[in-house]
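In this note's numbering, each residue's number is its place in the sequence shown (first place is 1) plus 32.
Note that the Cβ used here is the ideal one computed from N, Cα and C, for glycine as well.
Predicted model, so just to flag it, every value in this text is computed and none were measured.
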Amino acid sequence: MDPVLSRQGPLIRILNFWRLSLRRPRSIGAVAPSSEALATAIAEQVDFDTPGVIVELGGGTGSITAALVERATDQQDIVVIEREKSLCALLSARYPGVRVVCGDAQYLGRLLRDENIVMVKAVVSGLPLLTMPGRARLKMIRQAFAALAPGGVFVQFTYGFAAPVPRSVAEHTGIVGRRTKWIVRNLPPAALWLYQRHGVPDATPLSAGEESSFPQ
Ligand SMILES: C[S@@+](CC[C@H](N)C(=O)[O-])C[C@H]1O[C@@H](n2cnc3c(N)ncnc32)[C@H](O)[C@@H]1O
């Protein structure tokens, strides 16, 4: 564990987050780490009593990870995937019991295979889906649902009114989503969406326009 990183207080973490979000606004996609209220609401969507792994996408500085760690009986059941190397180091230092995987969520299937993960009960995403390139987003969603056990949930927060997964993409991948909650105690206020498998995915490829479309 890195002793300097693990001692970083919340203020330093927020400043580092701001610095990163100014440098890479589309990749970070937020002005501040998620609040405790949002992190709690996300963790409440997960059934901690059933067996299986919880995969967190885009762990950032670990706000949501904290709420998961607080509720999980075994921290090894939490796998956090983050693309930014400095944030991976921070996450590993803050949560030495959690499995932190430094990688791109669009290669989720391979990342999980490398970790020998077979049963995923929930995917909790902090990824900025609205600014993510359409093709990478589609790949990630497909792999997330391929990894999820029957009945598994995909939890996503977003800052606008629109669904974080475009309707055409949801229909194509055979998933259905609903907004479960608004969390006003967050900067900015956030909407929580829950996605689950609905039907059989459509085998025909999406057109280039649909793949890259922003949510309707
Ligand atoms: C909106 S921040 C959320 C951070 C944290 N989960 C929270 O709620 O405070 C998005 C995070 O996703 C990460 N990220 C963006 N694209 C990614 C990708 N393709 N694969 C993995 N992580 C990614 C960013 O580096 C950033 O840490």
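Check, Outcome
"Neighbour-count burial assignment, Phe186, 16 or more Cβ in a 10 Å radius", "buried"
"CA nearest to the CA of Asp146, picked from Gly135, Lys153, Ala154 and Val156", "Gly135"
"Distance between Arg217 and Arg167 (C-alpha atoms, nearest Å)", "32 Å"
"Pair within 8 Å by beta-carbon distance, Val156 and Glu88", "yes"
"Among Ala75, Ala154 and Ala71, nearest to Ala176 - alpha-carbon criterion", "Ala154"
"3-residue-minimum beta strand (DSSP E) runs that sit fully inside the region 195 to 234, ordered along the chain", "207 to 215 and 222 to 229"
"Arg126: CB within 7 Å of a non-hydrogen atom of ligand 1", "no"
"Asp79 CB to nearest heavy atom of ligand 1 below 7 Å", "no"
"Collapsed DSSP secondary structure at Leu159 in the structure displayed", "coil"
"DSSP bridge partner residues for Glu88 (one or two, in chain order)", "Val112 and Val156"
"Proximity of Glu114 and Leu123 at Cβ, strictly below 8 Å", "yes"
"Host alpha helix (DSSP H) of Thr97 (start-end)", "Ser95 to Arg103"
"Supposed close pair Phe49, Ala69 - CB separation, criterion 8 Å", "So it is not a contact: roughly 17 Å between Cβ atoms."
"Residues of its chain near Lys117, where Cβ-Cβ distance is below 7 Å and the 5 sequence neighbours each way are ignored", "Cys134"
"Gly61 classed as buried or exposed, judged by whether at least 16 other C-beta atoms fall within 10 angstroms", "buried"
"Within-8 Å CB hit, Thr97 to chain B", "Absent from the structure: chain B. Only one protein chain is present."
"Contact set for Gly84: own chain, Cβ-Cβ below 8 Å, skip 5 residues either direction", "Asp109, Met151, Val152, Lys153, Ala154, Ala181 and Gly184"
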